[in-house]
Structures are given as C-alpha cells and as structure tokens.
Amino acid sequence: MPDRRTIATVDLGSNSFHMMIAQVQRGRVTVIDSLREPVRLRMGLQKDGSISQEAQERALTCLARFEQRLRGISPELVKVVGTNALRSSKNSYDFLKRIEETLKTPVDIIGGREEARLIYKGVAQHLPKSKKRNLVIDIGGGSTEFVIGQNLEPHTMESRELGCVTFSMKYFPGGAITRKGFKRALMHVARELERYHNAFSRDNWERAIGASGTCKAIGNAIAYLTSGDNIITMDGLNLIKNRLFQAKKMSGELLPGLREDRIPVFPGGFAILYGIFLELSIEQMLVSSQSLRDGVLYDFLGREMDDDKRVESVSGMMDFYRVDKNQARRVRETALKWFPQVAHALIHRRDMAQKIIGWAADLHEIGLVLAHSGYHKHGGYILLNTDMDGFSKIEQGLLSFAVVNHRKRLKTDNLPYENEFDWPLVFVLRLAVLFNRERRDQPIPEIEIDWEPNEIWLDVPDEWLADHPLTRYDLELEQNYWERIGYTLRINTDA
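Using UniProt numbering, the letters of the sequence shown correspond one by one to residues 1 to 495.
The following block contains the structure:
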C-alpha cells in the first residue's frame, strides 16, 4: 500500500446511517471524520415487505450529504454495506440502484452472521489483549447480533430479529409505556433466544460488551442516574424500568442526556436488552464505542493488505467439500488467463469480477460431494445458502450464479436483490472447464475472444481442434446453449 491512503465506510443501518472516513499510514488507522443520521429505514418497511417512498427519500437525502464528503476519495476505497432493513425488503433492487447512483459506488448487502462477525471485529480491535472470552451484543434497528470470541477471533455468531425500531413500534406505539407491552416484549425476546441458551450461556464467556447506539444510550442513562460509570447492570436497568413505568410515556425529560433522535426507539431497545440480561444471566455489561462501521473499516483494510477473510472461507469450503485442488487450479489459471479478453464488457468492477471468477473456479465442483448428476446445481445452491465469512449476499449470489452456470444449459434465474450478472465471466469459466476436461496438466492453446453485444467471436487454432474432437463437439454444444439466451457464438469464422 502507498504510505497514506484515505478510505471510507458507510453503514446503511435499519435505524441510522453512519459514515466513517479514516487515513491509513504504515498500518496505523486514524479516523478523521464521521457522520451519523437517524434515517429509521426500518420504520418505512410496509406490510407487503417494500420500503415506503417516504423512507427512501429520507435515505437518499441523507446519502446526498454523505456523497459530498466522499468526493475526492477513490470509489475503490469506499465500502458501503446494508443491513437488516435492506436485506429484508422486497423492493430493494430499484432502491439500491438509486443509492449507488447517489453515492457513486456499489452497495453490498450483508447477512446477519456476517454482520455479527464485522461487529465483533470492530469491537475487538479496541479491547486490550486478553485470554478472556467476550460476549458482544449489538442491538440495531431491525436485528440484534450476538458473538462470542477471544481477542480478534469470533467463534460463535448469531443474528436474531430483535430490533429497537420494530420493538418500539410494536410494543410501545407512540412512546406509550405499559407493563403489558413490556411483558410482551420480554416474551418475544425469550422466544427468539430459546434455541440459543446453550450456545450463549454464561459458561461460554467471561466478559459481556454492548455495542452501538442502544447499549451506549442505556449505559449513559445508568451513569446519569447513578452518578457512576456507564456500565450496564441489572440494578441500573431496573432504575430505568421503574422510571419508564412511572412516566408511562417516553420523553426527553425522563432520561436527561438521551439524544433526541434516540427517544422514539429507546423503549424497544431497552426491552430487548432487559430481556437478554434475563435470558443469558448477564450480571454486568461494558459499553463499547465501536461497532459495525469500525469492523467494516478494519475488514476492508485487511483486504487491501492481503488479509482477506473471503480467501480463508473459500479455502475452508474446498477442504470441507473435498475439492480436487489440482483440477480447481487448472480451471482457475485458465479462466484468469482469458479473463482480460472480456474485461471490457463487464458490468461489475474489474477487481471484484476477477476475484469472483477465481473463487468460482476454486469451488465449481463442490456439488460433487452430493452427486455427479446436476452437481453444478448442487454447488450453486450451497454457495447461495451457506454462511460464508467475509462475503456479502450480493457476492455470494454472483459466485453461486457462476457455479450453477459453469456447465450444461444456461440458467437466467434472478440473482439476490435482482443484481445483474456478467455473462462474459460465465463464458470464460465454461471455456476453462471444457479445455481442462481431461483433468491433467497439459498445454492449453492460445485462443482469442471478442465479446460484443449479443455476439461472441471465438478463435481456436484449427490444428488443436482437429486433434481434440471432444472439445470441438463441446464447443458446438456451447453454440446452442448461448443461442437459447440470445447470444450468437461464432467459432473460427470471420463471417
């Protein structure tokens, strides 16, 4: 890396949008600017699963302000992630496109487990080195993440549909505080955590840490009421609970020091944390100023410095599914050799596309562990539905699409969030598989690919084809496959 770089992360949360800008110099990270706005995207999630137009406009207005601050930073050094509200919505495609047009950079939707991993990464970076096992909890607008880890490594991760926005709307409408609503909220938390008592029991961790706005707000409120530190205890939670019940209505005067934008979502977040304390037998919780945006920043920095969690995930899957690594290497090397010839026709950024095609080559045969018949479909399903640390849902969708299409008939099923796929990547992967069908190291011919809209020109040495009749036959089949989706594949012809 150069001596100094400026990188930025944007967290499109269900309650608030956050942006962090940092300078990286010789491995040292210095945050130089940050922005936060309470967009409350989750409040705009309607009964049909779509995000209301009003909520979309609030979000885009906020992001237009963020975009001004991002000017001058290379788009390759800006990482934007969307969480629960965006991954839950049904009309996210058009909205995501508008977000990308506003910020002038792609958006990644991350799954709950990946969100948990990144939250832990952000919190752990600022913890003193210790052998203690940490339980990190982050209550967001639409979901709550639970992670147990030690030092920088998370071990157990989970995300549940427990959000301060959704709970406030459902159990405390209009800020009304009732014992019945509070009891129902606690029962909801208990149901969500019923399956996870063993995984997150007190025996599995030694130190509890709360991250993000809800935990910080509760910690600050306890510090005010007790004139002590912002450490969350059950006694402190009961002080707040009694105040809420006495007031019967949430207000700024009830808990001085509470940010105005936190007031409407405080009751829901408080009920969730109170329920978690009860269910997991937590006695004391420290409060961290770090959270998802910090984790995204450090994870992004790791990728820039060749410490990419996605590489580890792919390697682990190759081992788990007993992939023939020599064959995967042959296909990878061949696909990456031909990749530059189609790079001009890509929709996605070249660096991302190149990684996707390499990983697709590594994993294209994982479905063989189930059965040879339809193994490309098995592999595509596994990749789409497995938790892959480091990968966003969009990246997993692209990877799955490449694998399911590396052989046989081409499938045009929609990708997650209706994302578009780069057919040139599919083409070079399919060719790499065909030209390595004999599964042995041998010279691969020099070929030329000319990719044009709806027309593909492929030039393969005639002498080589004459000596490889099976490959010639496979290429003739390819012409039929591509014709079915509207492409004309021309082989060794100028006509």
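Glycine included, C-beta positions come from ideal geometry on N, C-alpha and C. In this text the structure is predicted, and so the values were computed from the model without any measurement.
Compare the beta carbon distance of residue i and residue j with 9 Å and say whether it is the shorter of the two.
| i | j | result |
| --- | --- | --- |
| Ala55 | Gly72 | no |
| Leu239 | Tyr274 | no |
| Tyr224 | Leu255 | yes |
| Phe167 | Gly252 | no |
| Glu153 | Tyr196 | no |
| Ser212 | Asp138 | yes |
| Asn15 | Gly140 | yes |
| Leu283 | Val189 | With the sequence shown as reference, residue 283 is identified as Glu, and Leu is not the correct amino acid for it. The answer is no: Cβ separation not under 9 Å. |
| Ile99 | Ala59 | yes |
| Leu162 | Thr144 | yes |
| Trp205 | Arg113 | no |
| Leu41 | Ala85 | yes |
| Thr6 | Leu63 | no |
| Ile270 | Ile231 | Checking the displayed sequence, the identity of residue 270 turns out to be Phe instead of Ile. Not a contact, by the Cβ cut-off of 9 Å. |
| Ile148 | Ala199 | yes |
| Ser485 | Thr412 | Rather than Ser, the amino acid found at residue 485 in this sequence is Ile. Closer than 9 Å, so yes. |
| Phe66 | Val10 | yes |
| Gly380 | Phe401 | yes |
| Val314 | Asp387 | no |
| Glu478 | Arg430 | yes |
| Ile276 | Leu193 | yes |
| Gly299 | Gly390 | The displayed chain sequence assigns Asp, not Gly, to residue 299. In this structure, Gly390 lies closer than 9 Å to Asp299 by Cβ. |
| Pro445 | Phe435 | yes |
| Glu76 | Asp351 | yes |
| Val403 | Ala432 | no |
| Asn151 | Ala124 | yes |
| Ser281 | Arg160 | no |
| Ala345 | Trp451 | yes |
| Thr156 | Lys248 | no |
| Lys104 | Leu70 | yes |
| Ser130 | Lys216 | no |
Using 8 Å for Cβ pairs, my map puts residue i next to residue j. What's the rounded Cβ distance?
| i | j | result |
| --- | --- | --- |
| Ala491 | Glu420 | Just to set this straight, residue 491 is Ile in the shown sequence, not Ala. About 26 Å; that fails the 8 Å criterion. |
| Ile209 | Leu286 | 5 Å |
| Leu35 | Gly82 | In fact, because the Cβ distance is near 17 Å, the residues do not count as touching under 8 Å. |
| Val39 | Cys164 | Contact doesn't hold; Cβ gap of about 14 Å is too wide. |
| Ile447 | Asp459 | 6 Å |
| His376 | Lys408 | 6 Å |
| Ile449 | Trp482 | With a Cβ gap of about 13 Å, Ile449 and Trp482 do not count as contacting. |
| His378 | Leu384 | Contact doesn't hold; Cβ gap of about 11 Å is too wide. |
| Val78 | Ala8 | 5 Å |
Taking all protein chains shown into account, decide if residue i is buried (16 or more other Cβ within 10 angstroms of its Cβ) or exposed.
| i | result |
| --- | --- |
| Met19 | buried |
| Thr61 | exposed |
| Thr488 | exposed |
| residue 499 | Because the chain is modelled from 1 through 495, residue 499 falls outside the range shown and cannot be assessed. |
| residue 497 | Here the chain has residues from 1 to 495 only, and residue 497 is not among them. |
| Ser92 | buried |
| His406 | buried |
| Val342 | buried |
| Ile222 | buried |
| residue 496 | A query on residue 496 cannot be resolved here, the shown segment of the chain reaching from 1 to 495 and no further. |
| Arg191 | exposed |
| Met250 | buried |
| Met187 | exposed |
| residue 537 | There is simply no residue 537 to check, as the chain begins at 1 and stops at 495 in what is shown. |
| Lys393 | buried |
| residue 497 | This structure does not reach residue 497, given that the chain is present from 1 up to 495, and the question cannot be answered. |
| Gln442 | exposed |
| Ile32 | exposed |
| Pro173 | exposed |
| Glu312 | exposed |
| Ala495 | With a pLDDT of 45 at Ala495, under the threshold of 50, the predicted position of this residue should be treated as unreliable, though the coordinate-derived value follows. Exposed, by the Cβ-count rule. |
| Met1 | Unreliable placement is indicated for Met1, whose pLDDT of 47 sits below 50; no coordinate value is reported for it. |
| Thr30 | exposed |
| Gln25 | exposed |
| Leu475 | buried |
| Gly316 | exposed |
| Ser74 | exposed |
| Ser227 | exposed |
Is residue i near the ligand SAM, with its Cβ less than 8 Å from a heavy atom?
| i | result |
| --- | --- |
| Val433 | This structure does not include the ligand SAM; it has no bound ligands of any sort. |
Does the CB of residue i have a neighbour CB from chain D at under 9 Å?
| i | result |
| --- | --- |
| Gly142 | The question asks about chain D, but that chain is absent: this structure has only one protein chain. |
Inset, instruction - Count the CB pairs spanning the region 282-297 and the region 329-337 that are closer than 8 Å, and state whether there are at least three. - result: no
Inset, instruction - Just list the beta strand (DSSP E) runs in the region 26-54, keeping only unbroken ones of 3 residues or longer that don't cross its boundaries, in chain order. - result: 28-37
Legend entry - Touching by the beta-carbon criterion (3+ pairs, under 8 Å), the region 358-367 and the region 315-324: yes
Inset, instruction - Examine the Cβ distances between the region 109-125 and the region 38-53 and report whether three or more of them are shorter than 8 Å. - result: no
Inset, instruction - With a floor of 4 residues, list each alpha helix (DSSP H) that falls wholly inside the region 165-198, ordered by position along the chain. - result: 179-193
Legend entry - Unbroken stretches of the alpha helix (DSSP H), 4 residues or longer, contained in the region 234-303: 234-247, 266-280
Inset, instruction - Would you list, in sequence order, the uninterrupted beta strand (DSSP E) runs of no fewer than 3 residues that lie entirely inside the region 86-141? - result: 133-139
Legend entry - Whole runs of the beta strand (DSSP E) within the region 305-336, excluding any shorter than 3 residues: none
Legend entry - Ordered list of alpha helix (DSSP H) runs contained in the region 433-459, each at least 4 residues: none
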